[in-house]
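J.: Heads up: the sequence shown begins at 933 in our numbering, then just goes up one per residue.
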Amino acid sequence: MIAAKFQTFLILLAVLAGTALVARRFNIAPAILLMLSGVGLAFVPGMPPVELPPELVLLMVLPPLIYSASVAMSWREFRNNLRPIVLLAVGAVMFTAAMVAAATHYLIGLPWTIGFLLGAIVAPPDVVAPLAIARRLNIPRRLLVILEGEGLANDATALILYRFALAAIMVGHLSLPLAAGEFALIVAGEIAFGIGVGWLSLRFRKWAKDQQVELTLSLITPYVSYWLPEHVGGSGVIATVACGLYVSWNGPLLISSATRLQGIFFWDLIIYLIEGLLFLLTGFQMRALYEKSKAFPLDDILIATAVVLTIIVTARFAWLYPATYLPRIFSKSLRKRDPSPPWQWPFVLAFTGVRGAVSLAAALALPFTLPGGEAFPYRDLILFVAFGVIFVTLIGVGLTLPPVVRWLGVAEAGRNEHVAEHEAEITARRQALDAALKSLDALAEGKEVSDEVMRLLRARHEIRANQLPDSLDPAHHDVSAAGTALTRELIVAERKFIHDLLRDGQITDETRRRIERDLDLEEASLANREYRGVPL
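(1) So, for R1248: in the same chain, excluding its five sequence neighbours on each side, which residues have a beta-carbon less than 7 Å away from its beta-carbon?
(2) Return the Cβ separation of L1375 and H1393 in integer angstroms, given the expectation that the two are a contact with Cβ distance under 8 Å.
(3) Only counting the same chain, and skipping five residues up and downstream in sequence, which positions put a Cβ closer than 8 Å to that of S969?
(4) Which residue comes first and which comes last in the alpha helix (DSSP H) that contains H1354?
(5) Could you pull the DSSP bridge partners for T1301 from this structure?
(6) With DSSP run on the structure shown, which of helix, strand or coil describes D1142?
(7) Quick check on F1027: does DSSP put it in helix, strand or coil?
(8) Please tell me whether L1296 and P986 are closer than 8 Å, where the distance is taken between their beta carbons.
(9) May I have a chain-ordered list of the beta strand (DSSP E) segments no shorter than 3 residues that lie completely inside the segment 1046-1125?
(10) With contact counted as at least three CB pairs below 8 Å, one residue from each stretch, are the segment 1029-1040 and the segment 1175-1183 in contact?
(11) Rounded to the nearest angstrom, what separates I1017 and D1432 at their Cα positions?
(12) Below 8 Å CB to CB, which residues in the same chain sit around L1039 once its five sequence neighbours on both sides are set aside?
(13) Assuming G1288 contacts A1061 (C-beta within less than 8 Å), just tell me the rounded distance between them.
(14) I think V1342 touches I1071, with their Cβ atoms under 8 Å apart; what is that distance to the nearest whole Å?
(15) Indicate whether I1118 and I1101 have their beta-carbon atoms separated by less than 8 Å.
(16) By DSSP, does S1189 sit in helix, in strand, or in coil?
(17) If distances are taken between C-alpha atoms only, which option among V989, G1083, Y1204, P996 comes closest to L966?
(18) Should Q1217 go down as buried or exposed, given a rule of 16 or more other Cβ atoms within 10 Å for buried?
(19) For T1172 versus Y1310, is the C-beta spacing smaller than 8 Å?
(20) Among residues of its own chain, excluding the 5 on either side of P1303, which ones have a beta-carbon nearer than 7 Å to its beta-carbon?
(21) To the nearest angstrom, report how far apart L1349 and V1329 are at their CA atoms.
(22) Specify, as a first and last residue, the run of the alpha helix (DSSP H) that G929 falls within.
(23) Taking the CB atoms as reference points, tell me whether V1077 and E1009 lie closer together than 8 Å.
(24) What distance in whole Å lies between the Cβ atoms of L1075 and W1277, which are believed to be in contact at a cut-off of 8 Å?
(25) Where does G1305 land, buried or exposed, given buried means 16+ other C-beta within 10 angstroms?
(26) For F1125 and L1020, I'd like the C-alpha separation in whole angstroms.
(27) Grab me the residues of N959's own chain with a C-beta within less than 7 Å of its C-beta, minus the 5 sequence neighbours each way, in chain order.
(28) Is L1069 closer than 8 Å to L1333 when the C-beta atoms are compared?
(29) Rank Q1144, G1130, N1012, Y1222 by C-alpha distance to the C-alpha of F975 and give the top, closest one.
(30) Within 10 angstroms of its Cβ, does P996 collect 16 or more other Cβ (buried), or is it exposed?
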């Protein structure tokens, strides 16, 4: 039994790697192909069914995804865009859930409580899929920040609404004032708890001074920040976001360079595997849903899915435009501080509303029976609709967002922004080198440092300064690209020579590993200095 499950896991890993290669070859968002591959694999003869336990997503998968995205996000950008993020992560989710409840009640005949439960499940856009698609399209940085911030925080709103609606169904009533007070208490408590966990995590990692221990602590951190609030009735999402943002802002001065280098690879691999397997397993659920659908009227499934899809798309547009422009109409200070964006920007935000695995996990987590023993009402219908919404929004947005972005002309603004950001980066690098060089004499004062060492240190700074381009014109880009390519070829030649020395017995394996590490770091530095094809 265990061997069969492990074989299935290896098959999923192989499909994940192969699908990623195909997606890169044809320039398609990997999430789309992964989900379609999961659907295809589910119906392969002899393939055992693979269930997606809701606790796996909500307790095991979601914490590292949210934490990693929070650490990668800039606290300053999050804070500067807090108003639109909150309007989307809280306001849009509540508005969408209410619209779904009203539509399903009046058009399909679902009870209000069931409608709100379904609305809470399908209201929050995913944090992974939209960004994976949007980052490839040169969308302006601010839109990406808002999308990422919304994706990080909206799960908390949706999961809290989900619990309130589920409680109302289970016990038969719900006090709105009490629920609102609990919501505010949960948010405040989770923010404080998340910051506390982040503070402790950084201090423990600083005391550890061991890369393996630090990486282990970093892996534990999101689960500590998520599980305890979730266990006492919160969502855990807000605490994990607060923890990640705290680590992002305060970590650079407390985390060693060796840990940071290893951590980048470690977390990139963890997130790559989690995201890929999550999309595969989401597609895999099609088989179980197909088996259940045989005993369920197909017309009911299609009508309910179409209604909910129409409402969530319409509600997002209906919320975003007033939320974008009305505050600026009524607030002169806001209008002066943050002028109204072009209409294309809220259109992109509204269009990028992909639902993900959290919605499916919440639907799967519904109990089978009520406290009295009777079957949970409309459980299968909710599950079918949730999967249909995820499937259609992921495939639909993934395939249509690129032409929509080109049609709106948003990519041009993004490209101009990237050029300005690149110029600021070059300036910052030069200023940092100048500051370090100016401090050299002060650092060497009182120490026995020879003139030769000082010359070598100054030469090192001069070499690094000469690697920075003087301009961003295409001609200089071609020269820099040629220099980068030749440098890579030199590294390859040096690595081959070192291998020959090892084979001839002139150096040991340990020596070869130390030299190779320096070559690997130099090659990684070349990749780090390339900015969208423009070498630094």
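Glycine included, C-beta positions come from ideal geometry on N, C-alpha and C.
T.: Answer, in terms of the structure:
(1) Take R1248, set aside five residues on each side of it, and the residues of its chain with a beta-carbon closer than 7 Å to its own are A1024, T1028, A1282, G1285, in chain order.
(2) L1375 to H1393, Cβ: 13 Å. No contact.
(3) V947, T951, L1212, G1215
(4) 1342-1370
(5) Note: T1301 sits in a beta bridge opposite A1307.
(6) Here DSSP, grouped into helix, strand and coil, assigns D1142 to coil.
(7) helix
(8) yes
(9) none
(10) no
(11) 56 Å
(12) V1239
(13) 6 Å
(14) Contact flag correct, Cβ pair sits at about 6 Å.
(15) no
(16) helix
(17) Y1204
(18) Its Cβ being crowded by 16 or more others within 10 Å, Q1217 is buried.
(19) no
(20) M1102
(21) Per the sequence shown, the amino acid found at residue 1349 is Glu instead of Leu. Cα-Cα distance, rounded: 24 Å.
(22) Nothing about residue 929 can be read from this structure; the chain reaches only from 933 to 1468.
(23) yes
(24) 6 Å
(25) Looking at its Cβ environment, which holds fewer than 16 other Cβ atoms inside 10 Å, G1305 is exposed.
(26) 23 Å
(27) Excluding positions up to five away in sequence, the list is empty.
(28) yes
(29) Y1222
(30) buried
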